[in-house]
Amino acid sequence: MIDINLIRNDPDLVRENIKKKFQDAKLPLVDEVIELDRQNRAAMQQADALRNRRKVTSKEIGGLMAKGLKDEAEAKKAEVAAIAEELAALEVKEEEYAAEIKRRMQVIPQIIDESVPIGRDDSENVEIERFGEPVVPDFEVPYHVDIMERLNGIDLDSARKTSGNGFYYLKGDIARLHSAILSYARDFMIDRGFTYYVPPFMIRSDVVTGVMSFAEMENMMYKIEGEDLYLIGTSEHSMIGKFIDTILEEADLPQTLTSYSPCFRKEVGAHGIEERGVYRIHQFEKQEMIVVCKPEESRMWYDRLWQNTVDFFRSLDIPVRTLECCSGDLADLKVKSCDVEAWSPRQKKYFEVGSCSNLGDAQARRLGIRVRGEKGKYLAHTLNNTVVAPPRMLIAFLENNLRADGTIAIPAPLRMYMGGKEQIG
Numbered sequence: 000m001i002d003i004n005l006i007r008n009d010p011d012l013v014r015e016n017i018k019k020k021f022q023d024a025k026l027p028l029v030d031e032v033i034e035l036d037r038q039n040r041a042a043m044q045q046a047d048a049l050r051n052r053r054k055v056t057s058k059e060i061g062g063l064m065a066k067g068l069k070d071e072a073e074a075k076k077a078e079v080a081a082i083a084e085e086l087a088a089l090e091v092k093e094e095e096y097a098a099e100i101k102r103r104m105q106v107i108p109q110i111i112d113e114s115v116p117i118g119r120d121d122s123e124n125v126e127i128e129r130f131g132e133p134v135v136p137d138f139e140v141p142y143h144v145d146i147m148e149r150l151n152g153i154d155l156d157s158a159r160k161t162s163g164n165g166f167y168y169l170k171g172d173i174a175r176l177h178s179a180i181l182s183y184a185r186d187f188m189i190d191r192g193f194t195y196y197v198p199p200f201m202i203r204s205d206v207v208t209g210v211m212s213f214a215e216m217e218n219m220m221y222k223i224e225g226e227d228l229y230l231i232g233t234s235e236h237s238m239i240g241k242f243i244d245t246i247l248e249e250a251d252l253p254q255t256l257t258s259y260s261p262c263f264r265k266e267v268g269a270h271g272i273e274e275r276g277v278y279r280i281h282q283f284e285k286q287e288m289i290v291v292c293k294p295e296e297s298r299m300w301y302d303r304l305w306q307n308t309v310d311f312f313r314s315l316d317i318p319v320r321t322l323e324c325c326s327g328d329l330a331d332l333k334v335k336s337c338d339v340e341a342w343s344p345r346q347k348k349y350f351e352v353g354s355c356s357n358l359g360d361a362q363a364r365r366l367g368i369r370v371r372g373e374k375g376k377y378l379a380h381t382l383n384n385t386v387v388a389p390p391r392m393l394i395a396f397l398e399n400n401l402r403a404d405g406t407i408a409i410p411a412p413l414r415m416y417m418g419g420k421e422q423i424g
């Protein structure tokens with residue numbers, strides 16, 4: 000949610016930002032907010048005048064009573080009662096105006112960083128840099144589920160019976176590899192100075208609406224029936240929610256956190272759930288990184304966060320590239336975002352394995368996350384990034400470590416988490 004002062008003082012900037020995101024249907028919201036804000040402020044001024052008048056009139060009642068002027072005092076009491084009634088009606092109006100303003104403000108997109116490329120959708124995202132040399136082996140690389148099935152590591156048929164499409168059973172060495180990657184990711188981030196968390200896996204609606212846009216919420220979140228609780232789609236949700244209505248001391252920044260959680264997603268949208276595979280699914284696990292920092296440091300942390308993911312994949316000798324998300328591909332709360340994509344020898348192309356986002360003060364404004372510094376209080380900036388999200392990462396791992404004989408090489412960093420094994424097969 001942007002600062003309403005931007006709409007008051009520079010509405011053309013807000014309109015231009017909406018156009019850059021190809022959301023022209025939202026342009027009328029700017030004028031609607033301006034008019035509602037004008038009416039709200041007028042109501043507030045009128046209410047302040049009434050409160051002052053009530054205060055003065057109430058004092059007059061005491062003076063009249065002291066002089067024995069009971070009839071005049073009763074008239075003043077009636078006047079005070081009328082003021083109170085008028086004031087109550089105005090306060091209701093103020094609440095209604097504030098609610099209508101907030102409803103519109105929550106769907107007006109955050110002002111994007113000037114470095115973001117302009118484009119309609121993810122097809123216009125821009126490659127930034129490649130890390131590692133993509134290799135296509137001289138033997139056929141099977142589909143990832145076929146690799147797992149040959150190693151007796153996955154059972155999709157049973158999962159369909161218990162849960163439907165978009166679920167899976169991992170087993171044996173593939174399940175162990177899944178856990179090993181998460182354990183390595185945890186220790187990788189701890190070694191980089193991040194504090195490890197296991198957060199709540201359900202959050203309340205006020206946290207949900209604080210950390211994400213309505214469109215994301217509708218397409219992603221599962222609600223617990225009969226309760227004000229949602230299953231998290233990523234641990235970022237509960238980790239940022241941890242700071243709701245908090246005043247942080249400037250000396251305690253930055254907060255650098257890394258968190259493990261299962262993630263639950265509807266995956267409503269153009270891509271849909273795979274009939275056979277573990278790329279786009281309803282349930283997975285993830286290691287995340289989260290930063291809460293001063294505004295002037297958020298760009299620096301953004302670059303550090305995506306570099307952490309690149310370094311993690313390169314430590315396992317998986318080629319990756321970074322892709323700058325264009326304006327039309329940015330969620331409404333994001334200022335800037337990039338994807339990390341891993342190389343697929345089977346498809347001979349890269350595919351997304353992580354996403355790094357700078358949300359500026361959008362989440363902090365919605366959740367009331369403030370910082371107390373020498374010059375007063377201000378809103379924090381928040382950022383998040385995926386360290387690793389198996390089983391999607393398993394696709395990249397299995398394809399890039401597959402040998403001609405069907406065995407899977409285990410890189411040195413993972414062996415201690417795999418009981419010393421050097422291969423699966």
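Residue 36 in numbering that gives the first Met the number 0 sits at position 37 of the sequence shown, with consecutive numbering throughout. Don't be surprised by glycine CBs; every beta carbon is placed ideally from N, CA and C.
By Cβ distance below 8 Å, which residues in the same chain neighbour Met64 in space, the five residues on each side in sequence not counted? In its chain, beyond the 5 residues on either side, Ala72 have a beta carbon closer than 8 Å to the beta carbon of Met64.
Pairing CB atoms from the region 146-153 with CB atoms from the region 361-375, are three or more of them under 8 Å? Too few Cβ pairs lie closer than 8 Å, so no.
Drop a sphere of 10 angstroms on the beta-carbon of Thr308, count the other beta-carbons inside from all chains shown, and report buried for 16 or more, exposed for fewer. If you draw a 10 Å sphere on the C-beta of Thr308, you find 16 or more other C-beta atoms in it, and that means buried.
Taking only runs of the alpha helix (DSSP H) that begin and end inside the region 207-250, which ones reach a length of at least 4 residues, in chain order? Within the region 207-250, the complete alpha helix (DSSP H) runs of at least 4 residues are 213-219 and 234-240.
State yes or no: is the C-beta of Lys19 within less than 8 Å of the C-beta of Ile117? Yes. Within cutoff.
Phe130 beta carbon less than 8 Å from that of Arg7: The Cβ-Cβ distance between Arg7 and Phe130 does not fall below 8 Å.
Please name the residue in Gly62, Pro136, Glu90 and Asn39 whose C-alpha comes closest to that of Leu397. Across the set Gly62, Pro136, Glu90 and Asn39, the C-alpha of Pro136 shows the shortest separation from the C-alpha of Leu397.
I think Thr233 touches Lys285, with their Cβ atoms under 8 Å apart; what is that distance to the nearest whole Å? Contact holds; Cβ gap of about 6 Å.
Can you give the beta carbon distance from Ile100 to Asn39, rounded, assuming they're within the 8 Å contact cut? The Cβ separation is near 7 Å, so the contact holds.
Nearest residue (CA-CA) to Asp360, options Arg402, Ala411, Met417 and Glu295: Ranked by Cα distance from Asp360, the first of Arg402, Ala411, Met417 and Glu295 is Glu295.
Anyone know if the C-beta pair for Leu382 and Ser297 falls short of 8 Å? Yes, the pair counts as a contact, with Cβ atoms nearer than the cut-off.
Would you kindly check if the distance between the Cβ of Ala83 and the Cβ of Arg53 is under 8 Å? Yes. Within cutoff.
For Leu89 and Asn384, I'd like the C-alpha separation in whole angstroms. Cα-Cα distance, rounded: 45 Å.
With DSSP run on the structure shown, which of helix, strand or coil describes Ala408? Strand at Ala408.
Exposed or buried, which one is Ser122 when buried takes at least 16 other CB atoms within 10 Å? Label assigned to Ser122: exposed.
The alpha helix (DSSP H) with Asp186 in it runs from where to where? Element bounds for Asp186: Gly171 to Asp190.
For Asn124, count the other beta carbons within 10 Å of its own beta carbon; 16 or more makes it buried, fewer makes it exposed. Which is it? It is buried - the Cβ of Asn124 has at least 16 other Cβ atoms within 10 Å.
Where does Gln362 land, buried or exposed, given buried means 16+ other C-beta within 10 angstroms? Burial of Gln362 is indicated by the presence of at least 16 other C-beta atoms within 10 angstroms of its C-beta.
Complete runs of the alpha helix (DSSP H) confined to the region 296-378 [at least 4 residues]: Counting only runs of 4 or more, we get 297-314 and 361-366.
Examine the Cβ distances between the region 330-341 and the region 199-214 and report whether three or more of them are shorter than 8 Å. Output reads yes: the region 199-214 touches the region 330-341.
Buried or exposed, going by whether 16 or more other CB atoms sit within 10 Å of the CB of Asp47? The residue is exposed, with fewer than 16 neighbouring Cβ atoms inside 10 Å.
Between Ser237 and Ile243, is the Cβ-Cβ spacing less than 8 Å? Taking 8 Å as the cut-off, the beta carbon of Ser237 is found no closer than this to the beta carbon of Ile243.
Out of Asn400, Tyr416, Ile409 and Lys420, point me to the one whose CA is closest to Phe138's CA. The residue with the shortest Cα to Cα distance from Phe138 is Asn400.
Leu382 (DSSP reduced to helix, strand or coil): When DSSP states are grouped into helix, strand and coil, Leu382 belongs to the strand group.
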